[in-house]
Amino acid sequence: MISFKNYLQSRGNSKSTVENYNGYILDFISYLDRDNTEPEQASAKEVMAYQNVLTKRGYENKTRNTRLTVIKHFFNYQIEIGQRLENPVQHLKIKGGKKQKLYPILEKHELERIYHNYEVPSEEDEQAKRNWFKAVRLGKARNKVIIGLMIYQGLTTAEVNKMQLNDLKLKEGQLLIRGGRKSNERLLELKAHQIMGLMEYVNKIRAELLSYSEEPTDYLFISSPPIGKKYKRGKTVLHIWKRFSQEIREINSDFINFKQVRTSVITHWLKEYNLRKVQYMAGHRYVSSTEAYLVNQTEDLQKEIDAFHPF
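Residue numbering for the sequence shown is 101 to 411, as defined by this note's numbering.
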């Protein structure tokens, strides 16, 4: 069985680099010995706890990143000699001096609550016959579908805006999100309850909204009708986001914007699926874009470390 030094040498590292890296790993193994953790059993939690120790020693982020890189090499070495199956910190990074999340993450139950608590007025409501109330009802019915796509499929506001009617594959229970300048095309599964809601939207709600337009449109989502008027050409596009944000904030005061929702969704996906699958689901053109969301997982790990691994 080859040694870690030989493994590093076989990858073209200089003699001095090999010696330095080996010393770094001996320090990491010494840290693991304190908790009686075998090196092949070390996980991301132990690595993050070790990073915390390095911080307390006064090491800067550049040095901590170097140590993290060496640990990645060490875990890959263990994979090669059959001591572990995967590298738990392969995509973990420490960037700059920032420790803040991309956005404060909304928990899964908070996202679910937003969706289920977004109320659509009933047609039987005593105000249903008034023109202004009908516009509100149609708009909220549309918005219920939209927030579902954001929470369950991670859509952006731009993707919602440009979605076409034929992007919806209800028979297959799928949704096509077309690629753009910064995103790739993807085909995502719909939840069962979403299919029912989308069927009602397409066959009833959208048809009513479209009756207020002077011309047909292929956009899946169109604006609520102006009271007592018809849309003029090109006015069916969505202008809903400011008011929609206010409505969501009434449900959850921690809501900031719809980018926060997408950030939360992708962060939760990374806990369930591998990096490449999340890259596809999010429509990221480059895997580095997906990796950027791992900083949120790092923060979650740090919270667990603070709670269960005090120093």
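Even for Gly, the Cβ is constructed at its ideal location relative to N, Cα and C.
Contact check, I423 vs F104, beta carbons under 8 Å: Residue 423 cannot be examined here, being either before or after the span of the chain that is shown, 101 to 411.
Q.
Contact defined as beta carbons within less than 8 Å: I believe E119 pairs with L132. What is the distance between those atoms, to the nearest angstrom?
A. About 21 Å separates the two Cβ atoms, so there is no contact after all.
Would V361 and L375 be called neighbours here (beta carbons separated by less than 8 Å)? no
Shortest alpha-carbon distance to Y319 belongs to which of R281, Y312 and K262? K262
Going by alpha carbons, who is nearest to A258 out of G279, K244, E272 and S313?
G279
- Query: Under a Cβ-count criterion, where at least 16 other Cβ atoms within 10 Å of its own Cβ denotes burial, should R242 be classed as buried or exposed?
  - Reply: buried
Self-check item: the region 204-215 touching the region 233-242, judged by at least three CB pairs closer than 8 Å
Solution: no
For A392 and Q379, what's the separation of their Cα atoms in angstroms?
11 Å
On the three-pair Cβ rule with 8 Å, is the region 182-196 touching the region 341-359? no
| field | Separation of G158 from N152, as counted between CA atoms | value | 10 Å
Run through DSSP, which three-state label would K172 get? helix
Spatial neighbours of E285 within its chain, please: C-beta separation below 6 Å, excluding the five flanking residues on both sides. R278 and G279
Notebook entry, point to check: Between the region 206-218 and the region 238-252, do at least 3 Cβ pairs fall closer than 8 Å?
Noted result: yes
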